[in-house]
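Here the structure comes first, spelled out in structure tokens, and everything after it is commentary.
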Amino acid sequence: MERRLVLNKTAGDFAGSRSEYKLQNFFKKSKGKKRVTFLTKILGNKNIGDLIFERLTLLFAMLVFFLVVLMGWEMYSNSTLSIKTFGLKFLITSTWDPVAEVFGALPVIYGTFVSSLLALLIAFPLGIGVAVFLAELAPGWLEKPLSFLTELLAGIPSVIYGLWGIFVLVPWLRDSVEPFFQNKFPNSPLFQGAPYGFGMLAAAIILSIMVLPIISSISRDVLKSVPNTQREAAYALGATKWEVTKVVLSNAKSGLLGATMLGLGRAIGETMAVTMVIGNRPEISASLLNPSYTMASVLANEFTEATSDLYISALIELALILFIITIMVNILARLLVWSTERKWK
Amino acid sequence: MEMKFPMKKFIFYKRRTANFVMLSLSLLAALITIVPLVFIFYYTISKGISNLNIDFFTKLPTPVGETGGGMVNAIVGTIILIAIGGGIGIPVGIMSGTYLSEFGKNKFGILVRFFTDVLSGIPSIVVGVVAYTLVVIPMKHFSALAGGIALAILMIPTITRTTEEMIKLVPQSYREAGLALGIPKWKITVMIVLKTAWKGIATGILLGLSRAAGETAPLLFTSLGNRFWSTDIFQPIASLTVYIYQYSTAPFKDWNDQAWTAALALILLISVLSLVFRIITRSKYKA
Numbered sequence: 079m080e081r082r083l084v085l086n087k088t089a090g091d092f093a094g095s096r097s098e099y100k101l102q103n104f105f106k107k108s109k110g111k112k113r114v115t116f117l118t119k120i121l122g123n124k125n126i127g128d129l130i131f132e133r134l135t136l137l138f139a140m141l142v143f144f145l146v147v148l149m150g151w152e153m154y155s156n157s158t159l160s161i162k163t164f165g166l167k168f169l170i171t172s173t174w175d176p177v178a179e180v181f182g183a184l185p186v187i188y189g190t191f192v193s194s195l196l197a198l199l200i201a202f203p204l205g206i207g208v209a210v211f212l213a214e215l216a217p218g219w220l221e222k223p224l225s226f227l228t229e230l231l232a233g234i235p236s237v238i239y240g241l242w243g244i245f246v247l248v249p250w251l252r253d254s255v256e257p258f259f260q261n262k263f264p265n266s267p268l269f270q271g272a273p274y275g276f277g278m279l280a281a282a283i284i285l286s287i288m289v290l291p292i293i294s295s296i297s298r299d300v301l302k303s304v305p306n307t308q309r310e311a312a313y314a315l316g317a318t319k320w321e322v323t324k325v326v327l328s329n330a331k332s333g334l335l336g337a338t339m340l341g342l343g344r345a346i347g348e349t350m351a352v353t354m355v356i357g358n359r360p361e362i363s364a365s366l367l368n369p370s371y372t373m374a375s376v377l378a379n380e381f382t383e384a385t386s387d388l389y390i391s392a393l394i395e396l397a398l399i400l401f402i403i404t405i406m407v408n409i410l411a412r413l414l415v416w417s418t419e420r421k422w423k
Numbered sequence: 604m605e606m607k608f609p610m611k612k613f614i615f616y617k618r619r620t621a622n623f624v625m626l627s628l629s630l631l632a633a634l635i636t637i638v639p640l641v642f643i644f645y646y647t648i649s650k651g652i653s654n655l656n657i658d659f660f661t662k663l664p665t666p667v668g669e670t671g672g673g674m675v676n677a678i679v680g681t682i683i684l685i686a687i688g689g690g691i692g693i694p695v696g697i698m699s700g701t702y703l704s705e706f707g708k709n710k711f712g713i714l715v716r717f718f719t720d721v722l723s724g725i726p727s728i729v730v731g732v733v734a735y736t737l738v739v740i741p742m743k744h745f746s747a748l749a750g751g752i753a754l755a756i757l758m759i760p761t762i763t764r765t766t767e768e769m770i771k772l773v774p775q776s777y778r779e780a781g782l783a784l785g786i787p788k789w790k791i792t793v794m795i796v797l798k799t800a801w802k803g804i805a806t807g808i809l810l811g812l813s814r815a816a817g818e819t820a821p822l823l824f825t826s827l828g829n830r831f832w833s834t835d836i837f838q839p840i841a842s843l844t845v846y847i848y849q850y851s852t853a854p855f856k857d858w859n860d861q862a863w864t865a866a867l868a869l870i871l872l873i874s875v876l877s878l879v880f881r882i883i884t885r886s887k888y889k890a
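Protein chains in written order, with the working numbering: chain A, 79 to 423; chain S, 604 to 890.
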């Protein structure tokens, strides 16, 4: 009866016609019987549009998932030649000689880690300092523009950092900073060799500028996630502002560590700026002034020049190692940040 | 009392000094962060502005030794590369972000979210290597398409996560209002939820696009670079960032100067891009 009413409403001139009579009969027949068709079997109570939409978005979500898997697989399958030829020697020998087709990646792995860790050594205290300033000290009117400026720093293309490095930072290091350190510490192994400007020190400084915004912005979020009751409790005990900040920092320890590790992940994979200032020589040296090389720089410099299959596959293996290292660093970092932010929810 | 506890006063001053010193250090750190930003902008503008003229935007690069010339091919090339990247990356990002927020409250959703984060941490040069093995090797030559695909992969995580976060901000009552009117769920998602969240999503897209415009590493061995005029997406194509890299590492003074101009042009291009994008999204989706 209800259905008839609706029908009559939606199609006024339909009423009274022969078709209407037929439809009425149809409803009478199907009354009380649940019709099961192919469509109702799949859909249940769902709208067909809903189902298509859900599956479509699922498809794209799966695409993102498979993309990562595909990336790993592509690099593995394209580097099997090198993996079979060199095996573990690829990681622990230090001759990188494309002419003789001998590839040992130790110097570039060393260069990657040392440059990134040096960068963190500079960026970590600064980044935490900025985060403390933004989250604990700065008044509202100052916090917003300052956060914007640090984010702007993160938005500058890495090739522009490199350009600035070549023409501003490197000459300054070569003419003033490096001779100064050589005069101050003539016997220190850290400052041996000719002061070219291009080298580990320049790379570490450029990298530290580049990872600073990541460390500071994530640390700020972590510090802000610590609830105010913690601060109020410390104030109530008569703590000074710095002592309150210490309480907050110790509460956010693992999150801050995570922020630093995210910075490390970025530094390890950073390519252009480092390639432009590090000097690009696969050598292991204790001196900060000597040129070095990183995994990403090797790829940037040599990939288009690689002619033999073994050379290309060695380079792709390098990319695979870089891929695995950055994924592991990132996973660890995310878990750490997550654990702190989660604690207070 | 004072005489009895001389340590008390000492500790009091020590605490106050520590407070002052540490807070000043924190302020100092904030100031130091701003210094490189000022430096980089100052040098890019002051060194780049002298060569920034009409020729730069209308002429092709000149051969080595000849002064003058411009980078019109690189500017157009960069725009084409971003367009390809956006054309692939934006729909994938929005759709997967929609999945995560609307249907992603299960194990697969957590997995996808996790993989999106993983993807955002992968170095851009590695993405370039993968685009090389996936597109350049089968096609047997470098192409703008390969570069665009690399840029798309780099954009996807940003757009996905922003879309998810922005959709989550849409109040549940909006959806309920739609359901009360008997609208199917997919229409509610597309026409009410996505439209409400559009401004935030557009910011995410903008972020993805401007980052892609500044990428160099994934383009080095995918789109390669081209000294001539080309808009064919199956051929190598020029881009501003690759030019900046090549011109700054070359031993010619006028090339180095042009690298600064290209850097300034790149910053201008990104600013114009964000401006145009903001105008488009505002006029079209204003409530």
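Where is the CB? At the ideal position from N, CA and C, for every residue including glycine.
Between the beta-carbon of A/THR349 and that of S/SER727 there is about 7 Å, and that keeps the pair under the 8 Å contact cut.
At least 9 Å separates the CB of S/VAL675 from every CB of chain A. For A/ASP128, the chain S residues whose C-beta falls within less than 7 Å of its own C-beta are PRO787, LYS788, TRP789, listed in chain order. In this structure S/MET674 touches S/TYR846 by the C-beta definition: roughly 6 Å separates them, less than 8 Å. Rounded to whole angstroms, S/LEU871 and A/ILE293 show a C-alpha spacing of 27 Å. With 16 or more other Cβ atoms inside 10 Å of its own Cβ, S/ARG764 counts as buried. Using a Cβ-Cβ cut-off of 9 Å, A/LYS331 does not count as an interface residue toward chain S, since no Cβ of chain S sits closer than that to its own. The count of Cβ pairs closer than 8 Å, one atom from the segment 725–744 of chain S and one from the segment 810–827 of chain S, reaches three, so the stretches are in contact. Within the segment 191–272 of chain A, there are no complete beta strand (DSSP E) runs of at least 3 residues. Within the segment 377–408 of chain A, LEU377, ALA378, PHE381, THR382, ILE394, ALA397, LEU400, PHE401, THR404, ILE405, ASN408 place their CB atoms closer than 7 Å to a CB of chain S, listed in sequence order. In chain S, no part has a C-beta under 9 Å from the C-beta of A/ARG298; the shortest such distance is about 11 Å. Taken in chain order, the whole beta strand (DSSP E) runs of length 3 or more contained in the segment 678–733 of chain S number zero. CA-CA distance, A/LEU251 to A/PRO257, rounds to 8 Å. In the three-state DSSP reduction, A/PHE181 falls in the strand class (E or B).
For S/TRP858, no chain A residue has a C-beta closer than 8 Å to its own C-beta; the minimum C-beta separation is roughly 12 Å.
Runs of alpha helix (DSSP H) with 4 or more residues, each lying fully within the segment 774–815 of chain S, are found at 775–783, listed in chain order. At a cut-off of 9 Å between beta carbons, A/GLU132 contacts chain S.
Closest in alpha carbon position to A/LEU199, among A/ILE402, A/ILE399, A/LEU342, is A/LEU342.
In summary, the residues of the segment 846–870 of chain S whose CB is separated from some CB of chain A by less than 8 Å are ILE847, TYR848, SER851, THR852, ASN859, ALA862, TRP863, ALA866, LEU869, ILE870, in the order they occur in the chain. Rounded to whole angstroms, the gap between the alpha carbons of S/THR665 and S/GLN849 is 14 Å.
The C-beta distance from A/MET278 to A/SER370 rounds to 5 Å, short enough to meet the 8 Å contact threshold. In terms of beta-carbon proximity, A/PHE263 stays away from the interface with chain S, with every pair separated by 9 Å or more. For the set A/PRO264, A/GLY243, A/SER297, A/ARG344, the Cα lying nearest the Cα of A/GLY275 is the one of A/GLY243.
With fewer than 16 neighbouring CB atoms inside 10 Å of its own CB, S/TYR616 falls in the exposed class. With respect to the 9 Å criterion, S/ALA734 and S/GLY724 are not classified as neighbours on the basis of their beta carbons. At a Cβ-Cβ threshold of 9 Å, A/ILE283 and A/ILE346 do not count as neighbours.
Between S/LEU722 and A/VAL146, the C-beta gap is smaller than 9 Å, which places the two residues in contact. Using a CB distance cut-off of 9 Å, S/GLU768 does not count as an interface residue toward chain A. Annotated as distal: S/ALA747 and S/VAL695, with beta-carbon spacing of 9 Å or more.
When the five nearest sequence neighbours on each side are left out, the beta carbons in the same chain lying within less than 7 Å of the beta carbon of S/ILE648 are those of LEU867, in order along the chain. Here A/TRP422 is exposed: its Cβ has fewer than 16 other Cβ atoms, across all protein chains shown, within 10 Å. Residue pairing by DSSP places A/ASP175 opposite A/VAL180 in a beta bridge.
As a beta-bridge residue in DSSP terms, A/SER370 pairs with A/GLY357. Residue state for S/GLY651 is assigned as helix, using DSSP reduced to three classes. With a threshold of 16 other beta carbon atoms within 10 Å, A/THR173 falls short and is exposed. S/LYS708 and S/LEU714 have their C-alpha atoms some 10 Å from each other.
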